[in-house]
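In this note's numbering, the protein residues as written are 25 to 498.
Structure first, then comments.
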């Protein structure tokens with residue numbers, strides 16, 4: 025810079041070299057030992073002074089070779105401890121830069137004694153409510169998904185692996201790489217009282233090598249997680265809520281989709297299936313809710329799809345066609361692809377969209393429009409078979425809002441109902457039951473009137489015999 029003075033003979037200038045700034049930090053060294061050392065996230069403050077100008081910014085470095093410019097006067101640094109070290113002395117250097125770009129030749133520095141911090145892990149918390157239930161089953165078949173949240177004060181990159189345990193943390197666990205934050209366990213022998221499991225990780229379902237023992241079927245189970253970082257520090261154990269794991273007893277699954285899981289409806293199907301000689305029947309309530317949580321529905325559709333694929337036949341019944349068929353459409357592609365057979369009996373309300381997209385996988389092309397009115401079916405009104413050898417069935421009481429449908433291309437109509445509207449007898453399309461085949465075998469039968477409402481003739485056993493014994497080959 026220039027120092028200017030005044031005199032009688034005029035202006036005389038005397039040149040002086042620019043002086044460097046000086047840099048300061050709160051402390052040069054902090055003495056802490058043992059557990060008193062800082063965690064690896066440290067906060068540092070600094071400032072500078074220039075005797076002949078102004079400080080325009082700062083540079084910081086951890087090796088005095090590579091410098092990073094900033095205008096800030098404080099920052100939080102995450103110290104990555106060298107792999108294998110539990111403690112480390114972290115030194116950082118700060119130098120001020122003046123308005124001419126000159127750097128402090130003797131940077132301030134501070135040494136922070138830091139220690140490794142153990143990671144933390146927890147099962148992901150799923151919040152539900154009675155109006156918006158969450159999917160966290162209390163009872164499940166032995167295919168279950170879990171997600172977790174893991175962090176480390178030393179940075180996520182410091183996490184080495186996660187371990188998963190079944191019921192006993194002293195037993196062998198399954199080691200999972202830190203790249204994954206979810207797993208699906210699948211029992212290898214789901215029909216037995218105890219079973220080893222295979223473990224899939226991530227949304228792409230990567231199968232891990234080996235298997236894990238300790239899963240108890242028809243019993244309560246708890247699952248545990250523990251994280252380990254790259255210096256060997258371990259988190260505490262995270263523990264899941266207890267879940268009752270059901271043993272698979274047969275190849276037929278009753279899927280009860282009623283919102284309040286009406287046991288009488290469930291018993292209707294169970295008793296009739298058993299009466300025609302079908303044994304080994306499992307049950308599942310996919311729409312039962314308690315305390316804001318589905319009690320049995322799997323944590324996600326992919327896991328639910330795997331559960332359905334355990335079985336050969338699904339007998340699915342409910343009152344909410346929108347919920348029932350949307351869930352079925354999203355969770356049964358694998359089941360159907362492997363040759364599974366499916367029966368659905370569901371109530372279609374009068375206000376339902378007749379062209380709903382969830383009908384696409386069923387034998388229904390579209391629902392019949394009652395043209396501004398509603399359908400109803402008198403007590404003892406007949407539902408007549410379209411094929412020889414099938415029994416004539418009838419309503420056991422007045423049925424309000426039944427919905428006939430147009431069968432999809434290639435589907436076979438099975439029953440047409442005697443329906444009415446406020447204008448009188450209905451003479452249009454009145455199919456209420458149809459089937460589709462694949463490979464010469466019946467694969468899907470659907471009824472748009474719940475079967476328990478069609479036992480007016482007391483011959484429902486004959487219908488069960490036709491559908492499940494003859495069509496499905498059970």
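Cβ coordinates follow ideal geometry from the N, Cα and C atoms, glycine included.
Computed from a prediction, not measured in an experiment: that's the story for all the values here.
6 Å CB neighbourhood of residue i in its chain, flanking five on each side removed
i           : result
residue 43  : 75, 76
residue 265 : none
residue 400 : 424, 444
residue 371 : 343, 474
residue 348 : 281, 342, 370
residue 132 : 47, 48, 49, 118
residue 214 : 166, 272
Cβ-Cβ distance between residue i and residue j below 9 Å
i           : j           : result
residue 334 : residue 159 : no
residue 438 : residue 458 : yes
residue 391 : residue 380 : yes
residue 222 : residue 209 : yes
residue 237 : residue 190 : yes
residue 176 : residue 183 : yes
residue 337 : residue 364 : yes
residue 490 : residue 413 : yes
residue 323 : residue 150 : yes
residue 275 : residue 304 : yes
residue 181 : residue 46  : no
residue 270 : residue 164 : yes
residue 431 : residue 450 : no
residue 231 : residue 211 : no
residue 263 : residue 161 : no
residue 115 : residue 135 : yes
residue 286 : residue 308 : no
residue 436 : residue 357 : no
residue 80  : residue 96  : no
residue 397 : residue 376 : no
Own chain, CB closer than 8 Å to residue i, minus 5 neighbours either side, in chain order
i           : result
residue 91  : 83, 84, 85, 119
residue 98  : 67, 68, 69, 70
residue 25  : With a pLDDT of 31 at residue 25, under the threshold of 50, the modelled position of that residue is not reliable, and the figure given next carries that caveat. 40, 42, 76, 77.
residue 157 : 313, 316, 317, 318
residue 350 : 382
residue 229 : 208, 326
residue 155 : none
residue 57  : Confidence in residue 57 is poor, its pLDDT being 44 and thus under 50, which makes the residue's placement unreliable; the coordinate value appears in the next sentence. So the list reads 137, once near-sequence residues are dropped.
N- and C-terminal bounds of the alpha helix (DSSP H) containing residue i
i           : result
residue 499 : With the chain covering only 25 through 498, there is no way to say anything about residue 499.
Residue range of the unbroken beta strand (DSSP E) whose run includes residue i
i           : result
residue 296 : Looking at the DSSP string, residue 296 is not in any beta strand (DSSP E); the run it does join, the alpha helix (DSSP H), is 287-299.
residue 76  : It is not in any beta strand (DSSP E) - residue 76 carries neither H nor E in the DSSP assignment.
residue 469 : 465-471
residue 119 : 111-122
residue 92  : 92-94
residue 169 : 167-175
residue 261 : Looking at the DSSP string, residue 261 is not in any beta strand (DSSP E), and its letter there is neither H nor E.
residue 249 : 247-253
residue 391 : 388-391
residue 439 : 436-441
residue 408 : 406-409
Own chain, CB closer than 7 Å to residue i, minus 5 neighbours either side, in chain order
i           : result
residue 487 : 415, 417
residue 362 : 333
residue 60  : Confidence is the limiting factor: at residue 60 the pLDDT is only 47, short of 50, which leaves the residue's position unreliable and the question unanswerable from this model.
residue 482 : none
residue 33  : Any answer about residue 33 is weak, because its pLDDT of 41 lies below 50 and its placement is not dependable; what the coordinates show is given next. Cβ neighbours of residue 33 beyond the five flanking positions: none.
residue 201 : 185
residue 293 : 278, 339, 341
residue 485 : 296, 299, 300
residue 197 : 187, 188, 189
residue 55  : Any reading at residue 55 is ruled out, since the residue's pLDDT is 49, under 50, leaving its predicted position unreliable.
Min CB distance residue i to chain D below 9 Å
i           : result
residue 176 : Absent from the structure is chain D; it holds one protein chain and no more.
Three CB pairs or more closer than 8 Å across the segment 415-425 and the segment 461-469: no
Give a yes or no on contact between the segment 330-347 and the segment 268-287, applying the rule of three or more CB pairs nearer than 8 Å. The answer is yes - the segment 268-287 touches the segment 330-347, with three or more Cβ pairs under 8 Å.
Three or more beta-carbon pairs under 8 Å between the segment 228-246 and the segment 287-302, yes or no? They do not touch, by the three-pair rule.
Do three or more CB pairs link the segment 138-157 to the segment 252-261 at distances below 8 Å? Three or more beta-carbon pairs separated by less than 8 Å link the segment 138-157 to the segment 252-261, which places the two stretches in contact.
Using 8 Å as the Cβ pair cut-off and three pairs as the minimum, do the segment 159-172 and the segment 126-142 touch? no
Kindly provide the ranges of any beta strand (DSSP E) runs that are 3 or more residues long and lie completely inside the segment 213-238, ordered along the chain. As far as the segment 213-238 is concerned, its whole beta strand (DSSP E) runs of at least 3 residues are 218-225.
Give, in chain order, every unbroken run of the beta strand (DSSP E) that is at least 3 residues long and sits entirely within the segment 319-383. 337-342, 365-370
My parser needs the alpha helix (DSSP H) runs of 4 or more residues fully inside the segment 181-216; what are they? none
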